[in-house]
Amino acid sequence: MTFVVPIGPQHPALKEPEYFRFEVKGEEIVDFDVRLGYVHRGIERALQERSYLHNIYLSERICGICNVAHTTAYCQTIEQLAGIEVPDRARFIRTILCELERIHSHMLWAGIAAHEIGFDTLFMLFWRDRELVLDLKEMISGNRQTSASNTLGGVRRDVKPEYVPKILRTLEKLEKATEQYINICTSDRTILARCAGIGVLPKDDAKKLCAVGPTTRASGVDIDIRRDDPYDAYGQISFDVITEPDGDVLAKVIVRLREILESIHITRQAVKALPKGPLRAKITPKIEPNEAIGRVEAPRGELLYYAISNGTDKPERVRVRTPTYANIPSFKPMFVGGTVAEIPIVLASIDPCFACTDRVALVDSHTGKTRVLSFKELRRWKG
Amino acid sequence: MMKANEVAEVIKEYVDEIKIENVRRVFATTDEERCRAAMLALKQRDVQHLSTISGVDRGDAITVVYHLDCRPALLSLKLNLPKSTPKVQTITDIFPGAILYERDLMEMLGVKVEGHPDPRRLFLADDWPAGVYPLRKEAKK
Amino acid sequence: MMEVVNFILGSLVFPGLLFASLIGLLYIGIDRKVTAHMQHRIGPPIWQEFLDVGKLLSKEDITPAAAQSPVFTAAPLVALGAVVTVMLLLPINSAQPALTLVADLIVIIYLLNIPAICMMLGGYSSGSPFGAAGAGRYVVQLFSYEFIFILAIIAAVVRVGSLGLPTIVGYQAQQGWLVLDWRLLPAVIAALIAAQGKLLRVPFDIPEAHTEIVAGPLTEYSGPRLAIWRLAYDVETIVVAGFLAALFFGGPTAYLIGNIQIPGVVDFLIKTLAIVLLTTTLRNIMARLRIDQALKFFWTYVALLAIISLVLVLVVP
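Chains as they are written, first to last, in the numbering used here: chain E, 1 to 383; chain G, 1 to 141; chain F, 1 to 317.
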């Protein structure tokens, strides 16, 4: 006999409303369904009804955590549409902001993951150190979270020379802390008991289901937009793409923590190599018919913007494909066969951002009931 | 692992026009008959990652764009469909990851995806009126 | 007449309901403050638990439609009653408890299980899948720690040769604390770990794992009934700590410092606080286990400790 364990739309393990339905036999999960659409805001449609400049602020609000990634991808796409070159200094500043955001996002995630397995002390410590990054973001952009720093053709605020020593000092502190966290997460018995060997996403499934970001890198798939499709200053900076072969939750933890170290490394290079020059290039409000794609490695994976212009000051169409949307099909192989106690940590392990996923257009603000999305068909590809 | 010119080489017999913007961006237009063949040819060359599927209402036609990551080149394969009866063949058998994108396409632009294993709504509510597609130009504000 | 008054005073004021509640709430407040400092937070004031329970008591009393049963209401009250009764059986001011029974250890073991059973009943009767899941996990957890807890107690009983807690405390006053006996040390460690499971503290907070099953059996409780549950839990904490203190750590001892007579109750408070803080430390340095892992852990390592101790006590003179 199976019974249904509902997770959501409101549940302590979920930080955003979304509904998951688990069919369980005893403690074992035998089937999995998800309902999407609880945070629909109709942003894709809204993007084509507003001007290019206005859209920066709209795209920034698609996701609270990876807002810099969204504006970077958006601005990049529109700059390609208009065919303008971003000044070097602006490209480096964007890189710095993107990497600081990655550090803060990964730390936020690591804290939540610790909380999901009941390790509240680690949760608090992660979030304490995350404050260091938020202080840096506030110093550079004036805001802790939503940086509002990117604009079409460049950035709005400079990284002043007097900021540099403070940034380097904080990065040093963070690096030490992160190394210690990696040490804790690979040696603590209770963490290993809860994370090792569970929620495994096999490499084949990760590839087939087109997963992105740390989720797929933890399954040994070597993709990273920063290296494969370099944007901003990433082409001029040396860094490694972190992969782990195991595909379990522990691998996802380690990949993200090691990515923090790599981000610190990138930020350091970018701050030291910051070129002189203007902060932004001029852009005309109207853009000739054209099409362009911008891709950014957001903290959660590949973020894709596809824009078409039609000669007016509003885009014909802007398509946004967020990383969590791409990762949702991967839930199926990760859950089925696991136990109920694993649900929160496995759910958290892809670092889901439902506000991002549900951005797809709705014309009015209608929310409420949505249909169950069945993943039966996906079981066919489960190895 | 293909650069833009290699991608163009692979798909040239299946497409009408190819625009190579730079080494990492290729745009191509194809038609319904040759679309699957082009994808199978790419799959042969170890292209596994479908970045997404975009649907665009161009006023008189609906364009479906498949964004295929050939690493480092990103191929955008376009398919122009008549607005009266837009339909495409499913590609979930070639790229299983397309499953949600195709459902998204169906409900947002009313493109019929033939052979889709689960053609139900994805984001829209149950009581959303049938035949109203929010991303079409004529949809009310 | 005097006896009845004494009994009523004993059960309602000292060491019964009032004293137990005050100390329980205070100790959990201290536990929360210490936890906060361990986690680099400032944390709530130490009287926060009083405010929380007071607030809950003043809230509207809501029973979900699916949980309309006497069991749902009775569960927290019975649990509180059971732990307060244990307070009467514990040596608090001197070796002599408020209520003397023959073989009181067995009564205490039974009474200490009642909160757990009430919580299961409350969970099953709440009509929520989380309540049922939590209750199911609690059953498994009970079977994990209870046997070990009893084994550890038996080791002490065999060592002293009595089933009466006052006798055990009296024995320790003359022969030294049982924890200092190397044969009983493994049993003490096993009992402390079992207490961690009994008190549902990390890594054994599995039945009410907040991120997995909301609050387990307590999910549907709110208002005054939740307040009674909180109170029962807080009293249970000091009862378990006090029981272990009496069994292994010498129980309440009166001291003479200078010319001032320090009553045994001070010693009781210090020892229980030390044990509570030990469980606080443990719960802050670990992640929660899965129920199957907890079961395995108890029945292998911890059971082994308790059994070794029992064998040593029986074999080594």
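Note that CB positions come from ideal geometry on N, CA and C, so glycine has one too.
Span separating the alpha-carbon of residue i from that of residue j
{"i": "Leu314/F", "j": "Leu174/E", "result": "55 Å"}
{"i": "Met2/G", "j": "Asp222/E", "result": "15 Å"}
{"i": "Arg102/E", "j": "Leu151/F", "result": "52 Å"}
{"i": "Ile30/F", "j": "Arg227/E", "result": "51 Å"}
{"i": "Ile191/E", "j": "Glu60/F", "result": "40 Å"}
{"i": "Ile8/F", "j": "Ile65/E", "result": "59 Å"}
{"i": "Gly223/F", "j": "Phe50/F", "result": "14 Å"}
{"i": "Ile260/E", "j": "Tyr163/E", "result": "21 Å"}
{"i": "Ala233/E", "j": "Val296/E", "result": "12 Å"}
{"i": "Ala38/G", "j": "Lys314/E", "result": "33 Å"}
{"i": "Glu17/G", "j": "Arg136/G", "result": "26 Å"}
{"i": "Ser69/F", "j": "Ser125/F", "result": "7 Å"}
{"i": "Gln162/F", "j": "Ala218/E", "result": "It should be pointed out that residue 162/F corresponds to Ser in this sequence rather than to Gln. Cα-Cα distance, rounded: 59 Å."}
{"i": "Gly216/F", "j": "Phe123/E", "result": "22 Å"}
{"i": "Glu291/E", "j": "Ala82/E", "result": "9 Å"}
{"i": "Leu199/F", "j": "Ala191/F", "result": "12 Å"}
{"i": "Asp33/E", "j": "Leu122/G", "result": "12 Å"}
{"i": "His143/G", "j": "Arg194/E", "result": "This structure does not reach residue 143/G, given that chain G is present from 1 up to 141, and the question cannot be answered."}
{"i": "Glu36/G", "j": "Thr85/G", "result": "Here residue 36/G turns out to be Arg, not Glu, going by the sequence shown. Going from the Cα of Arg36/G to the Cα of Thr85/G covers about 19 Å."}
{"i": "Gln174/F", "j": "Ile106/F", "result": "24 Å"}
{"i": "Met119/F", "j": "Ser128/F", "result": "14 Å"}
{"i": "Gly97/G", "j": "Lys208/E", "result": "6 Å"}
{"i": "Leu402/F", "j": "Ala232/F", "result": "Because chain F spans 1 through 317 in this model, residue 402/F falls outside it and cannot be assessed."}
{"i": "Thr312/E", "j": "Leu274/E", "result": "35 Å"}
Closest by C-alpha distance to residue i, when choosing among the options
{"i": "Ala74/F", "options": "Tyr138/F, Ile117/F and Val160/F", "result": "Ile117/F"}
{"i": "Leu18/F", "options": "Ser58/F, Val53/F, Val84/F and Gly29/F", "result": "Val84/F"}
{"i": "Val30/E", "options": "Asp224/E, Thr170/E, Leu261/E and Lys332/E", "result": "Lys332/E"}
{"i": "Leu304/E", "options": "His67/G, Leu109/G and Pro82/G", "result": "His67/G"}
{"i": "Val4/F", "options": "Val158/F, Leu99/F, Ala82/F and Arg225/F", "result": "Leu99/F"}
{"i": "Leu25/F", "options": "Trp229/F, Gln293/F, Thr253/F and Phe297/F", "result": "Trp229/F"}
{"i": "Phe298/F", "options": "Pro15/F, Leu165/F, Ala194/F and Trp47/F", "result": "Ala194/F"}
{"i": "Glu27/E", "options": "Ile350/E, Ile343/E and Pro352/E", "result": "Ile343/E"}
{"i": "Pro214/E", "options": "Asp246/E, Arg256/E and Arg194/E", "result": "Arg256/E"}
{"i": "Glu32/G", "options": "Val15/G, Arg120/G and Arg58/G", "result": "Val15/G"}
{"i": "Pro97/F", "options": "Pro317/F, Phe243/F, Ile262/F and Leu231/F", "result": "Phe243/F"}
{"i": "Ala36/F", "options": "Ala209/F, Leu277/F, Ser94/F and Val140/F", "result": "Leu277/F"}
Proximal residues of chain G, C-beta to C-beta of residue i below 9 Å
{"i": "Pro329/E", "result": "Pro96, Gly97, Ile99 and Leu100"}
{"i": "Tyr325/E", "result": "Thr52, Leu100, Tyr101 and Asp104"}
Cross-chain neighbours of residue i in chain G, by beta carbon under 8 Å
{"i": "Gly154/E", "result": "Those within 8 Å of Gly154/E in chain G number zero; the least Cβ separation is about 21 Å."}
{"i": "Lys207/E", "result": "Gln48 and His49"}
Chain-ordered neighbours of residue i on chain E, where CB pairs are closer than 8 Å
{"i": "Val56/G", "result": "Ile308, Glu316, Arg317 and Arg319"}
{"i": "Leu289/F", "result": "Thr190, Ala193 and Arg194"}
{"i": "Leu40/G", "result": "None at all; the shortest Cβ gap to chain E is about 15 Å."}
According to DSSP, residues forming a beta bridge with residue i
{"i": "Lys3/G", "result": "For Lys3/G, which the question treats as bridged, DSSP gives no partner whatsoever."}
{"i": "Asp292/E", "result": "Looking at the sequence shown, residue 292/E is not Asp but Ala. Answer by DSSP bridge pairing, in chain order: Ala307/E."}
{"i": "His49/G", "result": "Asp69/G"}
{"i": "Arg21/E", "result": "Pro6/E and Asp33/E"}
{"i": "Arg317/E", "result": "Ile308/E"}
{"i": "Gly55/G", "result": "Val64/G"}
{"i": "Tyr255/F", "result": "Ile262/F"}
{"i": "Pro82/G", "result": "Ala61/G"}
{"i": "Arg25/G", "result": "Asn22/G and Leu74/G"}
{"i": "Asn150/E", "result": "Val155/E"}
{"i": "Gly277/E", "result": "Beta-bridge pairing links Gly277/E to no other residue."}
Listed by chain order, chain E residues near residue i by CB distance under 7 Å
{"i": "Met120/F", "result": "Correct list: empty, because the minimum Cβ distance to chain E is about 17 Å."}
{"i": "Arg36/G", "result": "Within 7 Å Cβ-Cβ: nothing; Arg36/G doesn't reach chain E, min ~18 Å."}
{"i": "Val202/F", "result": "Gly118"}
Closer than 8 Å at the beta carbon, the chain F residues around residue i
{"i": "Val336/E", "result": "The contacting residues do not exist; Val336/E stays about 17 Å from chain F at best."}
{"i": "Ile343/E", "result": "Glu212"}
{"i": "Val249/E", "result": "Under the 8 Å cutoff, chain F gives no residues; its nearest Cβ is about 12 Å from Val249/E."}
Where residue i meets chain F, residues with beta-carbon distance less than 9 Å
{"i": "His115/E", "result": "His210 and Thr211"}
{"i": "His106/E", "result": "Those do not exist, as His106/E stays about 19 Å from chain F at its closest Cβ, beyond 9 Å."}
{"i": "Thr339/E", "result": "Arg290, Ile291 and Asp292"}
Neighbouring residues, chain E, relative to residue i (Cβ below 9 Å)
{"i": "Pro129/F", "result": "Phe3, Val4, Val5 and Pro6"}
Inset, instruction - May I ask you to list, following chain order, the residues of the stretch 225-242 of chain E that have a beta carbon less than 7 Å from some beta carbon of chain G? - result: Asp228 and Asp229
Inset, instruction - Can you give me, in chain order, the residues of the stretch 31-64 of chain E that have a beta carbon less than 8 Å from any beta carbon in chain G? - result: Leu36, Gly37, His40, Gly42, Glu44, Arg45 and Glu49
Legend entry - Residues within the stretch 117-136 of chain E neighbouring chain F, beta-carbon criterion of under 9 Å: Ile117, Gly118, Phe119, Asp120, Thr121, Leu122, Phe123, Met124, Leu125 and Arg128
Inset, instruction - Give the residues from the stretch 266-287 of chain F that approach chain E closer than 7 Å (Cβ to any Cβ), ordered along the chain. - result: Asn284, Ile285, Met286 and Ala287
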